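Structure, as structure tokens:
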Amino acid sequence: MKNEMIRLLQPYFEKRDDIVMAFIFGSWACDKGGMESDVDVAVYFKPKTGRLEWEDADARYDGETVLWREIEGLLGREVDMLVLNRAASGIAESAISGMPVIIKDRDLYMDFMMKVTSEAADYREFVMSYWKLKEEMRARKNESKSLYHSEKRGA
660 MKNEMIRLLQ
670 PYFEKRDDIV
680 MAFIFGSWAC
690 DKGGMESDVD
700 VAVYFKPKTG
710 RLEWEDADAR
720 YDGETVLWRE
730 IEGLLGREVD
740 MLVLNRAASG
750 IAESAISGMP
760 VIIKDRDLYM
770 DFMMKVTSEA
780 ADYREFVMSY
790 WKLKEEMRAR
800 KNESKSLYHS
810 EKRGA
């Protein structure tokens with residue numbers, strides 16, 4: 660089914676000058692999609708500035724809604740469309756790790772991949788450091804409580 664989706668989407672994206680790359684990700688990319696599952700499709704619009712665009716939450720592109728509806732029509736099922744230009748690094752990394760439908764500009768893809776994977780790794784490292792610090796503080800707090808209660812009983 661996944662290969663059929665790619666076969667349907669490739670010629671569609673090939674004709675669109677505004678789309679630089681597209682991916683299927685999520686359950687269908689992992690061969691876990693079922694008959695009721697929606698399809699997660701990530702697209703990267705041609706940058707307005709000519710430079711790499713990402714995590715720009717305000718970015719809007721002409722024809723986004725039409726694109727989404729046309730993809731649903733081609734696939735004959737519900738689609739969740741992710742615009743990579745404005746996606747956070749973690750979800751963007753997940754999306755580009757899925758199944759490529761089309762990549763028209765390899766240099767832009769490599770720049771984007773390097774940027775989002777680096778940012779996602781930095782964020783994961785930050786979260787792990789924060790979690791470790793929080794656990795250490797919780798352990799110290801519990802240790803202090805135990806010490807306080809044992810001193811109180813001994814007095």
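With this note's numbering applied, the sequence shown corresponds to residues 660 to 814, in that order.
Note that CB positions come from ideal geometry on N, CA and C, so glycine has one too.
Predicted model, so just to flag it, every value in this text is computed and none were measured.
Given this structure, state the Cα-to-Cα distance separating Pro759 from Glu794, to the nearest angstrom.
Counted from its first residue, the sequence shown places residue 759 at position 100. Counted from its first residue, the sequence shown places residue 794 at position 135. Rounded to the nearest angstrom, the two C-alpha atoms are 39 Å apart.
Closest to Ser748 by CA distance: which of Glu714, Val742, Leu734, Gly735 is it?
As a working note, residue 748 is residue 89 in the sequence shown. Ser748 has its Cα closest to that of Glu714, out of Glu714, Val742, Leu734, Gly735.
Between Met796, Leu741, Met664, which lies nearest to Arg719 when the distance is taken from Cα to Cα?
Here residue 719 refers to the residue found at position 60 of the sequence shown. Residue Leu741 is the option with its Cα nearest to Arg719.
Exposed or buried, which one is Val702 when buried takes at least 16 other CB atoms within 10 Å?
Working through the sequence shown from its first residue, we reach residue 702 at position 43. Val702 comes out buried.
From the DSSP secondary-structure annotation, give me the bridge partner or partners of Ile761.
Position 102 of the sequence shown, counting from 1, holds the residue named residue 761. Ala681.
Can you give the Cα-Cα distance for Gly732 and Met660, rounded to whole angstroms?
In the sequence shown, counting from the first residue as 1, residue 732 sits at position 73. In the sequence shown, counting from the first residue as 1, residue 660 sits at position 1. If you take the alpha carbons of Gly732 and Met660, they lie about 16 Å apart.
With hydrogens ignored, establish whether the beta-carbon of Ser777 is closer than 8 Å to any heavy atom of the ligand MN.
In terms of ligand content, the structure shown is empty, and the ligand MN therefore cannot be addressed.
Contact check, Glu778 vs Arg745, beta carbons under 9 Å:
The residue you call residue 778 lines up with position 119 of the sequence shown. The residue you call residue 745 lines up with position 86 of the sequence shown. No, the pair does not count as a contact, with Cβ atoms beyond the cut-off.
Selected residue, minimal CA-CA separation from Ser696, among Gly685, Phe672, Phe704
Sequence index remark: in the sequence shown, residue 696 carries index 37 (1-based). Answer by Cα proximity: Gly685.
For Glu663, does the count of other Cβ atoms within 10 angstroms reach 16, so buried, or fall short, so exposed?
Translated into the one-based positions of the sequence shown, residue 663 becomes position 4. Its Cβ having fewer than 16 others within 10 Å, Glu663 is exposed.
Would you kindly report the start and end of the unbroken beta strand (DSSP E) that includes Leu743?
Position 84 of the sequence shown, counting from 1, holds the residue named residue 743. That residue, Leu743, is in no beta strand (DSSP E); it is neither H nor E in DSSP.
Give the range of the alpha helix (DSSP H) segment to which Tyr671 is assigned.
For this step, residue 671 is matched to residue 12 along the sequence shown. Taken as a continuous stretch (DSSP letters only), the alpha helix (DSSP H) holding Tyr671 covers 661-674.
Can you name the start and end residues of the beta strand (DSSP E) that Ala701 belongs to?
The residue you call residue 701 lines up with position 42 of the sequence shown. Taken as a continuous stretch (DSSP letters only), the beta strand (DSSP E) holding Ala701 covers 698-704.
Report, in whole angstroms, the separation of the C-beta atoms of Glu752 and Val775, which I expect to be a contact under 8 Å.
Locating residue 752 in the sequence shown gives position 93, where the first residue counts as 1. Locating residue 775 in the sequence shown gives position 116, where the first residue counts as 1. Between Val775 and Glu752 the Cβ distance is about 5 Å, and since that is below 8 Å, they are a contact.
Strand pairing of Val738, partner residues [DSSP]:
As a working note, residue 738 is residue 79 in the sequence shown. Answer is Val698.
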